[in-house]
Amino acid sequence: MRLYTYFHETTDGRGPSPPHLQLLLSSPFKRFACHFLIKFTSKNNTMSSSQPATADSGYITDPGPLENTYTSDPSLQRALAWYLPSATLQSVQPHLTQFGAEAISEQVREWSADAERNVPYVKSHNVWGKRYDYDRLVTTEGWKQLGKWGARNRIVSAGYDTSLGVDRRTVQYALNYLYSPSSGLYSCPISMTDGAAFILSSRINKLPSTHPFHTAFQRLISEKDDHWTSGQWMTERAGGSDVQNTETWATYSPLVTSSGSDPLGDGDYLISGFKFFSSATDANLALLLAKTPSGKLSTFLAPLRRTVVGGDGVSRVVSNGVRIHRLKNKLGTKELPTAELELKDMRAHLIGELDQGIVTIAPLLNVTRLHTFVGSLAGWRRAISITKSFAKARTTVGEPLWLIPMHLRLLADMEVKHRGAMNLAWFTVALFGVVEDQTPSSNKLAHLPQPGKEAEVVFRTLTATAKAVISKMATAGIQECQESMGGVGYMDEADEPEFSISRILRNNAVNSIWEGTTNVLASEFVRFLIKKDNLKIFGTWLDRTLTLIQSVDLRNTLTAAWLALRARFTTQDPASTVADGRRFMFTLAWILSGALLALDTERDNDAVTAEIARRWILSAEGGVGEQVFHDIVTVSGTASATSGGEEHLQWDCRIAWGVDLPANRASGHRSLQKAGSKL
1 MRLYTYFHET TDGRGPSPPH LQLLLSSPFK RFACHFLIKF TSKNNTMSSS
51 QPATADSGYI TDPGPLENTY TSDPSLQRAL AWYLPSATLQ SVQPHLTQFG
101 AEAISEQVRE WSADAERNVP YVKSHNVWGK RYDYDRLVTT EGWKQLGKWG
151 ARNRIVSAGY DTSLGVDRRT VQYALNYLYS PSSGLYSCPI SMTDGAAFIL
201 SSRINKLPST HPFHTAFQRL ISEKDDHWTS GQWMTERAGG SDVQNTETWA
251 TYSPLVTSSG SDPLGDGDYL ISGFKFFSSA TDANLALLLA KTPSGKLSTF
301 LAPLRRTVVG GDGVSRVVSN GVRIHRLKNK LGTKELPTAE LELKDMRAHL
351 IGELDQGIVT IAPLLNVTRL HTFVGSLAGW RRAISITKSF AKARTTVGEP
401 LWLIPMHLRL LADMEVKHRG AMNLAWFTVA LFGVVEDQTP SSNKLAHLPQ
451 PGKEAEVVFR TLTATAKAVI SKMATAGIQE CQESMGGVGY MDEADEPEFS
501 ISRILRNNAV NSIWEGTTNV LASEFVRFLI KKDNLKIFGT WLDRTLTLIQ
551 SVDLRNTLTA AWLALRARFT TQDPASTVAD GRRFMFTLAW ILSGALLALD
601 TERDNDAVTA EIARRWILSA EGGVGEQVFH DIVTVSGTAS ATSGGEEHLQ
651 WDCRIAWGVD LPANRASGHR SLQKAGSKL
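In this text, residue positions in the sequence shown follow full-length UniProt numbering: the first is 1, and each later residue adds one.
Rendered as structure tokens:
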């Protein structure tokens, strides 16, 4: 009853509440505080009863509903306020707020639960044993509705809204951040659809208006229910990430006359081969790699089905040479149909220059990698929200879990790590707009690279870095959230997706694998930076950015770390550098996130943001995991972010909950309660 007594005594006819109580009773914490006090006092009365519990009575934890995923996320709001002009932010804020409410609505939860319960399956033959004109991939209605919901909310089209200018990618990925955790993994085909649209958008202006790529592009960015999605088929049994080992071949074989009335027409190439891992198997079209007779790779676009007209004049939809060999059984992403596909004379259009497949399809990978780390961050944030909702409702050893010092420290640590990753992510997203438009940011932010070669080098470095590092951080962070809830965190209820951290963990685990494993990306990262003058260009930008930091302690610590890392880049032989690729990449991510946290702090001198930056940089409390050069990251690790003890706990509470720590707070153990001890 100690917390109740504290609240009662500080508000019982004694004038204004103390500052910490004013914070606690202010929005958005007021509802939680009142909800908790009522439940805490009544549950303590229940626990003192001598009546035995039953299946329906006794102590039952009852977390309140999750809050609007936009308005309850200060990290996202800070990022958007930094990278979007105020007028743009004001114009999109009503949509973000509405979308954040829909993301946790009963309707969306029902669709998500339906997609999880009823996994996809394939029907290839009818009851008489006759093969269908195309394999029927059966997906649930909930899955389909989640896709339509996303399209209506512009999760692809916003990225091509020219009225938003250089800021359109920041707006688009903000929408995807809200969409992803509630999408039932429809965010996966959306990422590939966006990638395909991006490749087409850079080419259609050079094509005649009658070219089928115009139709494909418009359908991919459509906000209507009949929008198209695209697959991305590169992985094969022999190749994996080494796409040069592709066993799929393309033969030039144009038709003399059109064979039907398909909106994409008839491609000039026939493609045959076997794709071992194709997500978004229910897509309308796919971008894929295949070898031409030269033995080199080219990129192709092909519809999965075609409309043909028979001799009787009747049109029908048939497979475009695609046979589903089998659907994959996976640890997670069970809602998402992933298949092995056999291609036999699949009609396809060449995209880009012949035998320049890697160059052509590479921009798609940048897009899908951004979707991957934004989705990882969003899933991580949802897991933190669930964990904090549980902590609000749960009592243990007679005390509220949200105030127990060790749990409070854990929640603060989660927030520090997530904030560091958020800063790295939204910087990279904003930089995408600069690279795409070849123009400076609308806000003329000094820490963003200059358009042109500098921006391209930094962006190319960060797409690999952010995808690898954030995906790893998120998986570890989500697991920590699961563990913090004990046994109930391990439950996996398909009918309650809003509280299933297990589902989030299963689905997020793949983000460290697809679009390049950590090792693949680390190798790519190192090889890119040591190539030509890329390290020099990147270093010039980072040197300039570090000088923008006003805090001497923060600037000096990060500068020393960067100088040490750059020296190691230039003194080690290439083979050793590649072998240490993970450590190079993760250490750079720590430096960059720290620099961005420091600059974020100095925008408005927000005290909580400043404490997060100090913890990340001076105490290495945030960090990006164990895969760093510890002698570099911890070179200043003896410096404490705060004086420790009581002050550190106070900041834990401010970071985790946005309020001061109550004076008569929880101790964390009955032995300490009896002794009247304070940690």
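Every residue, glycine too, gets a C-beta built ideally from N, C-alpha and C.
| Asked | Found |
| --- | --- |
| Local Cβ density within 10 Å of D225, reported as buried at 16 or more and exposed below that | exposed |
| Uninterrupted alpha helix (DSSP H) stretches inside the segment 119-154 (no shorter than 4 residues) | 141-152 |
| Limits of the beta strand (DSSP E) - the one that residue 758 falls within | What is shown of the chain runs 1 to 679, which leaves residue 758 out entirely. |
| Three-pair Cβ contact test at 8 Å for the segment 342-356 versus the segment 272-280 | yes |
| Identity of the residues DSSP links to S278 by a beta bridge | A339 |
| C-alpha distance - F277 paired with R665, whole-angstrom precision | 53 Å |
| Separation of T587 from R237, as counted between CA atoms | 33 Å |
| Cβ-Cβ distance between G489 and T387 below 9 Å | yes |
| Completely contained alpha helix (DSSP H) runs for the segment 535-588, where each covers 4 or more residues | 552-571 and 574-579 |
| V156, DSSP secondary structure in three states | coil |
| Identity of the residues DSSP links to Q232 by a beta bridge | L287 |
| Per DSSP, cross-strand counterpart(s) of Y186 | Beta-bridge pairing links Y186 to no other residue. |
| Which listed residue (Y269, V156, K291 and P303) has its alpha carbon closest to that of A283 | P303 |
| Whether T577 touches V526 by CB criterion (9 Å) | yes |
| Sufficient close CB pairs (3 or more, under 8 Å) joining the segment 561-569 to the segment 473-490 | no |
| Alpha carbon of D268 to alpha carbon of E247, nearest angstrom | 20 Å |
| Where R305 falls: helix, strand or coil (DSSP) | strand |
| Element boundaries [alpha helix (DSSP H), containing R109] | E106 to R117 |
| Boundaries (first-last residue) of the beta strand (DSSP E) holding W657 | Where W657 is concerned, there is no enclosing beta strand (DSSP E), although the alpha helix (DSSP H) it sits in stretches over G645 to W657. |
| Contact belief for E436 with R169 at Cβ below 8 Å, rounded distance in angstroms | 7 Å |
| Between the CA atoms of Q479 and H407 - distance to the nearest angstrom | 15 Å |
| Top-ranked residue by Cα proximity to residue 685, from W380, G398 and P263 | Here the chain comprises residues numbered 1 to 679, so residue 685 is not present and cannot be evaluated. |
| Option in N118, Q51, K417 and I199 with minimal Cα separation from T333 | N118 |
| Reference E67, options H630, A522, S389 and I591, closest by Cα | S389 |
| Helix, strand or coil at F300 [DSSP, three-state] | strand |
| Beta carbon of S241 nearer than 9 Å to that of T338 | no |
| Chain-order list of residues whose beta-carbon lies under 8 Å from that of A440 (same chain, five-residue window excluded) | The displayed chain sequence assigns Pro, not Ala, to residue 440. Counting only Cβ-Cβ distances below 8 Å, and skipping sequence neighbours, we find V166, V434, L448, Q450 and P451. |
| Rounded straight-line distance, which links the Cα of V318 to that of D135 | 9 Å |
| Span of the alpha helix (DSSP H) around K529 | In the sequence under discussion, the amino acid at residue 529 is Leu, which differs from the Lys named in the question. Per DSSP, L529 belongs to the alpha helix (DSSP H) from T518 to L529. |
| Assumed close pair S298, G239 - CB separation to whole angstroms, cut-off 8 Å | S298 to G239, Cβ: 15 Å. No contact. |
| Proximity below 9 Å, CB of Q172 to CB of G184 | no |
| Alpha-carbon spacing of H349 relative to T235, whole angstroms | 19 Å |
| Bridge partner(s) assigned by DSSP for S315 | V309 |
| Reduced DSSP secondary structure (H/G/I, E/B, other) of R394 | coil |
| Endpoints, beta strand (DSSP E) assigned at T251 | W249 to Y252 |
| Bridge partners - I324, DSSP secondary structure assignment | L341 |
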